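With this note's numbering applied, the sequence shown corresponds to residues 1 to 239, in that order.
Just below is one structure, and these are the notes that go with it.
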Amino acid sequence: MELLSTVRVRRVLRRVAVASLLNTAAIASASAETPPTIDDVMPMRVGELLASAVHTSHLPGAAIAGSLESGLPSAVELRLDLRDDHDRTVAQRTVFYRIAFDLWEEIFRLQGPGEDRTFPDLRSLESFLADIPRVSVASLDRLDPRERHRIRVGCRLHPVAPRETERLDEWLGGETPDAQEARRNANSASEREVSVSLGRVIRFFYRGQRDDEEIASRFSAWFVPDDLPEAAASAGVRE
């Protein structure tokens, strides 16, 4: 009886997963909103570090908003490349902001480098992402102080955060112990086939978001490290 209940619970969870992910996909494909953009990249000195502020518009976007409303954690990824005067990459940095919606408290939570914030509504979350605080890019002692450099920032959206994607993939594919037990106790071959088919459908939708592609990018103006403005160290820098 207990095993039968486990199977039934998993059927319900699969239906919830299907509904949530189909909802996310529908919102992403049907949305006619302006896509997210990177509006400005502002290099600065913070002590012995090269840092940059990033100004954006329309983040996190409709796909992530729909995913959050369905209870699925999402993520915004920024990739910062420091280029020299010959356009060679001399330093790289990836900043990952994980975003989730607490269905019980009805608040948004953002976690990232030096950040663990809550927001009462989507508008306040959008306001934070519009003016991303300074993020460290490289140590200034690695750079030629008189050579020109610039920073390229690329943005990727993950409507379903990668960690949750991996968990769903393992569970739906029957790779976790609980999923394997439920599959062994399925009532028939047709039921097992339905389970596999649902897994394929869900994977199709959440992988169909194409979150491996950049949705926006921008270069900073050229700068010379010795000429950069000094930002107040007391304001902090995201390591």
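C-beta: ideal position from N, C-alpha, C; glycine also.
Quick caveat, the model's predicted, so the values are computed rather than measured.
Limits of the beta strand (DSSP E) - the one that residue i falls within
i: L68; result: L68 -> not in any beta strand (DSSP E); alpha helix (DSSP H) instead, spanning 62-69.
i: A216; result: 216-219
i: R156; result: 150-158
i: V224; result: No beta strand (DSSP E) holds V224; DSSP gives it neither H nor E.
i: P43; result: 37-46
Own chain partners of residue i with C-beta closer than 8 Å, once the 5 adjacent residues on each side are dropped
i: L140; result: R45, E48, L49, L50, P225
i: I107; result: F101, T118, F119, P120
i: P145; result: V224, P225, D226
i: G112; result: V95, F96, Y97, R98, R238
i: P213; result: For the record, residue 213 in the displayed sequence is Glu; it is not Pro. Counting only Cβ-Cβ distances below 8 Å, and skipping sequence neighbours, we find R156.
Exposure label - residue i; buried when at least 16 CB within 10 Å
i: T118; result: exposed
i: P43; result: buried
i: G114; result: exposed
i: R142; result: exposed
i: R134; result: buried
i: A30; result: Unreliable positioning characterises A30 in this predicted model, as indicated by a pLDDT of 43, which lies under 50. A coordinate reading is not provided.
i: H149; result: buried
i: P229; result: exposed
i: A231; result: buried
i: R88; result: exposed
i: L103; result: exposed
i: E77; result: buried
Residue i - containing alpha helix (DSSP H), residue span
i: S124; result: 122-130
Minimum C-alpha distance to residue i - residue among the options
i: A138; options: R123, H158, R83; result: R83
i: L80; options: P159, L228, L110, R152; result: R152
i: L125; options: R109, D87, S220, C155; result: R109
i: V90; options: E147, S127, E77; result: E147
i: A53; options: I64, P73, F128; result: F128
Cβ shell of residue i (< 7 Å), same chain only, five flanking positions each side left out
i: H55; result: D39, D40, A130, D131
i: T34; result: H58
6 Å CB neighbourhood of residue i in its chain, flanking five on each side removed
i: A221; result: none
Length at least 4, wholly inside the segment 58-117: the alpha helix (DSSP H) runs in chain order: 62-69
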